[in-house]
């Protein structure tokens with residue numbers, strides 16, 4: 354039996370971070386109900402590619418990738434508030450990514466044992482709480498694009514919407530922790546998850562390097578702290594080598610007949 358069997362989740366979120374979190378909870382056994390506006394989630398049109406959706410209509414593959422397994426209900430939150438409130442009264446977890454304050458204004462106080470996970474660009478409090486955010490703009494603003502791409506090249510984004518996905522996974526881990534606490538105490542929770550916090554926390558290695566006077570920069574596929582750790586071009590294509598220990602370096606040295614000096618067994622020497 355899956356661990357979340359019997360847990361019901363109401364997904365009021367759009368695009369990727371929230372829907373990805375809700376889908377992950379479904380994968381763990383939860384029943385997930387997704388509420389969409391009558392005109393549908395924005396990501397339904399984010400194609401091509403398009404394919405036949407759950408209801409037979411053409412929909413972007415993007416939407417399908419993060420809404421698998423959900424029961425979909427269409428409702429105008431402003432005009433059908435009672436319908437959404439009825440659903441809220443029957444679930445254990447709510448995931449939403451409205452602008453901060455919107456959930457409270459439209460859906461009012463919630464029962465004490467309900468777990469509500471709010472996902473936003475900059476969090477529910479603070480000077481930037483009302484600013485919207487996309488994965489791209491967050492990669493730019495947090496500096497991730499300043500350490501991504503080739504040396505001397507222009508700002509580059511990570512090839513996938515990884516801040517959205519990581520934010521969704523942060524939401525999942527927080528929800529699971531709150532479900533455990535609720536089982537012990539009967540108390541629900543208000544969870545505040547932001548793309549900003551997720552992106553900044555992902556820069557932990559870069560931040561510590563900066564505190565030691567090593568400024569982050571674009572290095573292509575290379576690693577600021579490990580050598581060799583990058584992609585290389587060969588006659589018949591590209592390949593990657595990642596060496597993280599002295600023992601791994603010795604094996605690579607032997608396999609490639611490099612005859613490198615023994616001092617190169619130390620990663621710090623190889624970086625120099």
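Numbering (our numbering), first residue to last: 354 to 625. Quick reminder that beta carbons are idealized off the backbone N, C-alpha and C, glycines included. Quick caveat, the model's predicted, so the values are computed rather than measured.
Discussion item. According to DSSP, is residue 466 part of a helix, a strand, or is it coil?
Written reply: Of the three classes helix, strand and coil, the one that applies to residue 466 here is coil, per DSSP.
Worksheet entry | Exposure label - residue 538; buried when at least 16 CB within 10 Å | Burial call: exposed.
Fill in: CB contact flag (residue 541, residue 465, <8 Å)
In this structure, the beta-carbon distance from residue 541 to residue 465 falls below 8 Å.
Practice prompt. Pull up the distance between the alpha-carbon of residue 405 and that of residue 411, whole angstroms please.
Written response: Approximately 5 Å between the Cα atoms of the pair.
Worksheet entry | Through-space distance from residue 487 to residue 480, alpha-carbon basis | Rounded to the nearest whole angstrom, the C-alpha separation of residue 480 and residue 487 is 18 Å.
Practice prompt. With DSSP collapsed to three states, give me the class of residue 545.
Written response: The answer is strand: DSSP assigns residue 545 an E or B state.
Discussion item. Looking at the secondary structure, which residues open and close the beta strand (DSSP E) in which residue 533 lies?
Written reply: Note, residue 533: premise wrong, no beta strand (DSSP E); alpha helix (DSSP H) at 515-538.
Item to complete: Note down the Cα distance separating residue 418 from residue 570, rounded to an integer number of angstroms.
Response: About 33 Å.
Worksheet item: By how many angstroms is the C-alpha of residue 608 removed from the C-alpha of residue 415?
Response: Taking the straight line joining both Cα atoms gives about 43 Å.
Discussion item. I'd like the span of the beta strand (DSSP E) that includes residue 448, first residue to last.
Written reply: From DSSP, the beta strand (DSSP E) with residue 448 extends over 446-449.
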